[in-house]
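**Q**
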């Protein structure tokens with residue numbers, strides 16, 4: 001499975017790079033340490049998403065540390081990481097593209113540091129802008145079958161965790177991932 005994931009990931013990030021209107025130094029996805037502004041935005045956006053997915057997992061009553069795709073390691077919320085995978089390309093990745101391509105963030109929104117573990121960091125203004133846009137994205141409404149129509153993405157995350165809980169409890173035969181439907 002890792003071979004397929006690796007190939008799909010390489011193709012995905014190549015397509016993501018092609019969607020960037022300017023050269024931000026982004027060559028591929030590198031999460032730690034993020035070497036360029038785009039990777040720094042993605043990493044911070046994923047941290048925000050992980051926080052919300054972890055909260056939904058706990059709300060539903062599951063253990064965020066007992067995952068099945070990400071390896072279980074001390075202090076690693078493997079289940080929350082598993083569950084957030086289907087929301088990265090829906091919530092964070094397009095948001096970063098919009099902010100970068102739309103000029104909401106510029107090179108001045110990042111600081112280079114001497115710390116090799118953190119060579120680039122977001123300024124306070126860029127951090128605030130990303131948080132505001134991320135929260136607005138979570139409040140956007142989309143269709144989810146379990147909601148009987150449109151509901152906020154924050155609720156959709158919870159509904160997906162509830163789908164997984166039903167599968168674990170034997171009340172569902174399979175897990176149906178969240179799919180964004182285009183018209």
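Numbering (our numbering), first residue to last: 1 to 183. A virtual CB, placed ideally from N, CA and C, is assigned to each residue, including glycine.
Taking three-plus beta-carbon pairs below 8 Å as touching, is the region 111 to 124 in contact with the region 85 to 95?
**A** Verdict: no, contact absent.
**Q** If you draw a straight line from the alpha carbon of residue 104 to that of residue 39, how long is it in whole angstroms?
**A** Near 16 Å, if we compare the C-alpha coordinates of residue 39 and residue 104.
**Q** CB of residue 154 to nearest heavy atom of the ligand MG: below 7 Å?
**A** As presented, the structure is devoid of all ligands, the ligand MG included, so that no description of it is given.
**Q** Tell me which residues share the same chain as residue 152 and place their Cβ nearer than 6 Å to its Cβ, disregarding the 5 neighbours each side in the sequence.
**A** If we look at residue 152 and ignore the five residues flanking it on each side, its Cβ neighbours are 139, 141.
**Q** Determine the burial state of residue 161: buried for a count of at least 16 other Cβ atoms within 10 Å of its Cβ, exposed for fewer.
**A** By the 10 Å Cβ count, residue 161 comes out buried.
**Q** Expressed to the nearest angstrom, what Euclidean distance is found between the alpha-carbon atoms of residue 25 and residue 125?
**A** Approximately 21 Å, taken between the alpha carbons.
**Q** Are the region 75 to 85 and the region 11 to 18 in contact at 8 Å, needing three or more beta carbon pairs?
**A** Because the criterion of three Cβ pairs below 8 Å is not met, the region 75 to 85 and the region 11 to 18 do not touch.
**Q** What does a CB cutoff of less than 6 Å around residue 159 pick up in its chain, not counting 5 residues either side in sequence?
**A** Around residue 159: 144, 146.
**Q** Provide the residue(s) that pair with residue 6 in DSSP beta bridges, ordered along the chain.
**A** In the DSSP output, where bridge partners are listed per residue, residue 6 has none listed.
**Q** At which residue ranges does the region 149 to 176 contain complete alpha helix (DSSP H) runs of 4 or more residues, listed in the order of the chain?
**A** 153 to 168, all fully within the region 149 to 176.
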